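S.K.: The sequence shown begins at 0 in numbering that gives the first Met the number 0 and counts up by one.
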Amino acid sequence: MYPASQLVPAWQGGRLCPVVSAKILEEYVRVLAYSKFKLTSSEILSLIEEDVLPFVDTVRAKPISVPTLRDPDDMKFLACAVSARVHWLVSGDDDLLSIGKVELVEIVSVTNFLRHLKQKS
Numbered sequence: 000m001y002p003a004s005q006l007v008p009a010w011q012g013g014r015l016c017p018v019v020s021a022k023i024l025e026e027y028v029r030v031l032a033y034s035k036f037k038l039t040s041s042e043i044l045s046l047i048e049e050d051v052l053p054f055v056d057t058v059r060a061k062p063i064s065v066p067t068l069r070d071p072d073d074m075k076f077l078a079c080a081v082s083a084r085v086h087w088l089v090s091g092d093d094d095l096l097s098i099g100k101v102e103l104v105e106i107v108s109v110t111n112f113l114r115h116l117k118q119k120s
């Protein structure tokens, strides 16, 4: 089992509430369209509408100032997290993880976040 899949029960059970922005949703749609997933457009739409949107808060991300990012596409995740005033940004992206913290948002791996969730139980 992939570590990230262990977040789904906590997420869908209401123990945590992910936040997304319009740009992040666009990224999800783009990635799910990769041929390796073998999903049709209608399956992608259904997946987003049924398995993502009911369990997330949608945020209007505001521009933020951060040091230059190695991957400028990561800005959408930082802007969303900071705009939503979340405590954690959970990521498997090494570029984001190397930042560590932006404003009050700690950037952690899935494994470290799962450890935190278990300590709270």
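Virtual Cβ for every residue (Gly too), placed ideally from N, Cα, C. Keep in mind the model is a prediction, meaning the values are calculated, not measured.
Locate the alpha helix (DSSP H) running through LEU46, then write down its first and last residues.
M.R.: First-last of the alpha helix (DSSP H) with LEU46: 40-46.
S.K.: Could you tell me which whole alpha helix (DSSP H) segments of length 4 or greater appear in the stretch 79-113?
M.R.: Segments of the alpha helix (DSSP H) lying fully in the stretch 79-113: 93-98.
S.K.: What first and last residue would you give for the alpha helix (DSSP H) that runs through GLU25?
M.R.: It spans 21-31 - the alpha helix (DSSP H) in which GLU25 sits, taken as one unbroken run.
S.K.: Is LEU116 closer than 9 Å to LYS38 when the C-beta atoms are compared?
M.R.: Reading off the sequence, residue 38 comes out as Leu, not Lys. In this structure, LEU116 does not lie closer than 9 Å to LEU38 by Cβ.
S.K.: Buried or exposed: which applies to ALA21, given that a residue is buried once 16 or more other Cβ atoms fall within 10 Å of its Cβ?
M.R.: When all chains shown are included, ALA21 counts as exposed.
S.K.: Going by C-alpha distance, which of ALA80, LEU44, ILE98, GLU105 is nearest ASP56?
M.R.: Considering only alpha carbons, the answer is ALA80.
S.K.: Can you tell me whether ASP70 is helix, strand or coil according to DSSP?
M.R.: ASP70: coil per DSSP, three-state reduction.
S.K.: Should the stretch 74-90 be regarded as contacting the stretch 16-35, the criterion being three or more beta carbon pairs within less than 8 Å?
M.R.: Yes, they touch.
S.K.: Which value, in whole angstroms, describes the spacing of the CA atoms of SER4 and VAL101?
M.R.: Each residue's Cα considered, the two are about 25 Å apart.
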